[in-house]
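Here is the structure we will look at, set down as structure tokens.
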Amino acid sequence: MRIHPSILGLIVCVLAACDRKPSVASPAAPDHTPAFWIWHRSSALTTQEKDSVPTGGRLYRQIAEFGWRDGSWSPRPVTEAKALLENEIPVVRLDPGPAVLERPDAAPMLAKWLRHHFQDKVPPSLQLDHDCSVRLLPRYATFLRELRGELGLKEISITALAGWIDSPEFKQLGEAADELVPMFYDLTADPPQDIVAGKAKPMAGSEAASWITRWKSCRTPWRAGLANFERLTLFEADGKLVGHLKQWQPESIARADFLETLPQFTGGTGYRIKRDTILYGTQLKSSQLLVWRAPDEDSLRALIKTAFDSGASSIVWFSLPGPGLRAAHSPSHLAALARGEAPAHGVHAKLESDGRIVLRNDGPGDLSLAPGAPLHRLELTTDEAGTFTATGPGEFTEITTPLPPKFSHNIVLSFPRLLVGEEIASESGLIPVRGGRELQWSLDDSSPAPLP
Numbered sequence: 027m028r029i030h031p032s033i034l035g036l037i038v039c040v041l042a043a044c045d046r047k048p049s050v051a052s053p054a055a056p057d058h059t060p061a062f063w064i065w066h067r068s069s070a071l072t073t074q075e076k077d078s079v080p081t082g083g084r085l086y087r088q089i090a091e092f093g094w095r096d097g098s099w100s101p102r103p104v105t106e107a108k109a110l111l112e113n114e115i116p117v118v119r120l121d122p123g124p125a126v127l128e129r130p131d132a133a134p135m136l137a138k139w140l141r142h143h144f145q146d147k148v149p150p151s152l153q154l155d156h157d158c159s160v161r162l163l164p165r166y167a168t169f170l171r172e173l174r175g176e177l178g179l180k181e182i183s184i185t186a187l188a189g190w191i192d193s194p195e196f197k198q199l200g201e202a203a204d205e206l207v208p209m210f211y212d213l214t215a216d217p218p219q220d221i222v223a224g225k226a227k228p229m230a231g232s233e234a235a236s237w238i239t240r241w242k243s244c245r246t247p248w249r250a251g252l253a254n255f256e257r258l259t260l261f262e263a264d265g266k267l268v269g270h271l272k273q274w275q276p277e278s279i280a281r282a283d284f285l286e287t288l289p290q291f292t293g294g295t296g297y298r299i300k301r302d303t304i305l306y307g308t309q310l311k312s313s314q315l316l317v318w319r320a321p322d323e324d325s326l327r328a329l330i331k332t333a334f335d336s337g338a339s340s341i342v343w344f345s346l347p348g349p350g351l352r353a354a355h356s357p358s359h360l361a362a363l364a365r366g367e368a369p370a371h372g373v374h375a376k377l378e379s380d381g382r383i384v385l386r387n388d389g390p391g392d393l394s395l396a397p398g399a400p401l402h403r404l405e406l407t408t409d410e411a412g413t414f415t416a417t418g419p420g421e422f423t424e425i426t427t428p429l430p431p432k433f434s435h436n437i438v439l440s441f442p443r444l445l446v447g448e449e450i451a452s453e454s455g456l457i458p459v460r461g462g463r464e465l466q467w468s469l470d471d472s473s474p475a476p477l478p
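Offset between the sequence shown (1-based) and the working numbering: plus 26.
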């Protein structure tokens with residue numbers, strides 16, 4: 027059979043088209059600007075906090091937490107609608123129990139509360155934080171679609187448990203959300219036997235990296251949620267968890283005479299409590315264990331790279347420095363880590379006219395304190411006695427001198443850390459008269475430098 031030339035040409039074109047590989051859009055370059063969650067906070071951000079967030083950085087602020095009582099949502103408002111900034115996305119925490127999502131009126135009832143909260147001016151973007159059971163992921167997807175329709179939302183973002191990625195039902199949830207933010211911290215609890223053996227789960231490490239790589243298969247845009255907080259955890263002598271201390275300061279741990287440091291403890295710094303005492307309102311009992319943990323920089327840089335290599339568009343940190351959890355790093359330091367840098371601090375000392383010593387960090391990196399490390403030391407030296415007076419430490423932790431201050435040629439002011447943009451000052455009159463005396467300062471074991 028003879029084929030007409032025009033038909034033959036058509037066949038060749040079709041075959042060529044079939045052989046041609048479909049074009050695949052190149053993934054967008056990762057955004058190194060850090061985003062943050064703001065949690066359990068009703069007060070507005072301070073001017074310093076606003077200035078610390080890089081331009082374009084997203085803020086996800088919790089506005090309410092919902093339980094379920096007597097057949098309806100039971101809200102606990104956290105933040106007033108008027109406290110939200112333009113770049114803040116409201117977050118609703120849902121903790122109602124699994125049966126609620128199966129109710130057909132769950133989304134309309136939540137939408138009604140949100141319309142009231144925002145006085146019928148609901149923002150176009152909303153994030154939901156819900157630790158949904160895997161079996162209910164399809165219903166959660168339906169719930170998201172219903173809520174979007176009720177409120178006319180342009181964007182629904184949801185937090186996600188790391189393990190959802192392995193569920194066959196995950197695809198349905200991804201199709202219902204515009205953005206996913208899986209949380210790669212607190213992935214598993216510390217086994218009691220590990221704590222007794224001196225092994226705690228690190229804040230950032232190989233377990234998180236393993237989960238992050240599995241999210242490479244996610245087709246919905248996603249951001250990686252990482253930890254930016256320090257934690258002090260209390261365990262019984264047999265390793266069973268008691269809880270996390272809500273209020274604590276590292277200087278209290280560094281100077282505590284009731285703690286015995288446990289050598290070779292991994293994942294953090296471990297202590298054994300030597301006698302019954304109270305620490306920031308928490309009852310401590312003899313033989314209990316304390317573990318101080320913070321994410322180390324090398325691990326964070328590695329996790330950030332793993333996240334970007336796995337398709338994450340950016341990093342969301344829990345949480346923004348401020349009231350509540352003790353933050354490990356400043357936003358500018360985290361932005362530098364996202365760029366693969368190891369930013370050095372820019373701490374410098376200055377003598378004010380009123381005799382105060384001011385220590386400030388102008389960046390680009392934080393001066394942090396590793397768990398279990400001694401406090402940082404600012405040492406001031408002079409060429410003759412009579413330079414220093416016996417004033418208090420001010421915002422420093424303490425002042426020590428080898429001799430009474432008026433006879434000493436050097437003093438040491440200790441402090442735990444200095445994040446980018448922070449400054450601390452001694453009380454006025456620490457150095458009342460300078461005259462022709464030569465003053466030098468040094469930080470920790472650095473070489474002395476003239477004091478401006």
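Note that the Cβ used here is the ideal one computed from N, Cα and C, for glycine as well.
Only a predicted model underlies this, so the values are computations on that prediction, with no experimental measurement involved.
I need the DSSP call for residue 209, collapsed to helix, strand or coil. strand
So for residue 306, helix, strand or coil by DSSP? Looking at residue 306 - three-state DSSP - the assignment turns out to be coil, as it is neither helix nor strand.
State yes or no: is the C-beta of residue 271 within less than 8 angstroms of the C-beta of residue 306? Yes.
Segments of 4+ residues assigned as alpha helix (DSSP H) that fall wholly inside the stretch 229-317: 232-240, 276-280
Spatial distance of residue 449 from residue 387 (CA atoms): 6 angstroms
Proximal residues to residue 183 (C-beta, below 6 angstroms), its chain only, five neighbours per side dropped: If we look at residue 183 and ignore the five residues flanking it on each side, its Cβ neighbours are 153, 205.
Burial state of residue 467, where buried means 16 or more other Cβ atoms lie within 10 Å: buried
For residue 340, the nearest candidate out of 83, 92, 477 (CA to CA): Out of 83, 92, 477, 83 has the C-alpha closest to the C-alpha of residue 340.
Can you give me the Cβ contacts of residue 326 inside the same chain, cut-off strictly under 6 angstroms, excluding the 5 residues immediately before and after it? Result list for residue 326: 230, 363, in chain order.
Closest to residue 208 by CA distance: which of 253, 110, 434, 425 is it? The candidate whose alpha carbon is nearest that of residue 208 is 253.
Do the CB positions of residue 188 and residue 237 come within less than 8 angstroms of each other? yes
Endpoints, alpha helix (DSSP H) assigned at residue 197: 196-202
In terms of DSSP beta bridges, what is residue 424 paired with? Answer by DSSP bridge pairing, in chain order: 440.
Locate the alpha helix (DSSP H) running through residue 93, then write down its first and last residues. Looking at the DSSP string, residue 93 is not in any alpha helix (DSSP H); the run it does join, the beta strand (DSSP E), is 85-95.
So is residue 223 buried or exposed if we call it buried at 16+ other beta carbons inside 10 Å? Residue 223 is exposed by the Cβ-count criterion.
Cβ distance (whole Å) where residue 314 is taken to contact residue 299 below 8 angstroms: 5 angstroms
Could you pull the start and end residues of the beta strand (DSSP E) that residue 185 belongs to? Per DSSP, residue 185 belongs to the beta strand (DSSP E) from 181-187.
For the stretch 435-444 against the stretch 392-409, do three or more pairs of beta-carbon atoms, one drawn from each stretch, fall closer than 8 angstroms, so that the two count as touching? yes
Less than 8 angstroms between the C-beta atoms of residue 346 and residue 115, yes or no? no
Determine the extent of the alpha helix (DSSP H) in which residue 115 is found, giving its start and end residues. Careful: residue 115 lies outside any alpha helix (DSSP H), inside the beta strand (DSSP E) at 114-120.
Hey, quick one: how far does the alpha helix (DSSP H) through residue 415 stretch, first residue to last? DSSP places residue 415 in no alpha helix (DSSP H); its state is neither H nor E.
Every unbroken beta strand (DSSP E) within the stretch 319-378, with a cutoff of 3 residues, ordered by chain: 341-344, 373-377
Where residue 225 falls: helix, strand or coil (DSSP): strand
Backbone CA spacing between residue 318 and residue 441 [nearest angstrom]: 18 angstroms
Is DSSP giving residue 384 helix, strand or coil here? strand
My assumption, with CB atoms under 8 angstroms, is that residue 22 sits in contact with residue 445. Please give the rounded CB distance. Look at the range of the chain in this structure, 27 to 478, and you will see that residue 22 is not part of it.
Check for me: the alpha helix (DSSP H) holding residue 73 runs from which residue to which? It spans 73-78 - the alpha helix (DSSP H) in which residue 73 sits, taken as one unbroken run.
Please report how far the alpha carbon of residue 123 lies from the alpha carbon of residue 165, in whole angstroms. 13 angstroms
Measure the alpha-carbon distance for residue 291 versus residue 72 and round it to whole angstroms. 38 angstroms
On a Cα-Cα basis, can you pick out the residue from 457, 422, 412 that is closest to residue 385? With distances taken between CA atoms, residue 385 lies nearest to 422 out of 457, 422, 412.
Applying the 10 Å Cβ sphere with the 16-neighbour rule, what's the burial state of residue 432? exposed
When you compare each of 279, 119, 215 to residue 103 by their alpha carbons, which one comes out closest? 119
Excluding sequence positions up to five away, which residues of its chain have a Cβ less than 6 angstroms from the Cβ of residue 195? So the qualifying residues of the chain are 163, 164.
Considering residue 101, what are the terminal residues of the beta strand (DSSP E) in which it resides? 98-103
For residue 61 and residue 332, the rounded distance between their alpha carbons: 17 angstroms
Cβ-based neighbour list, residue 464, same chain, cut-off 8 angstroms, excluding 5 preceding and 5 following: So the qualifying residues of the chain are 408, 409, 476.
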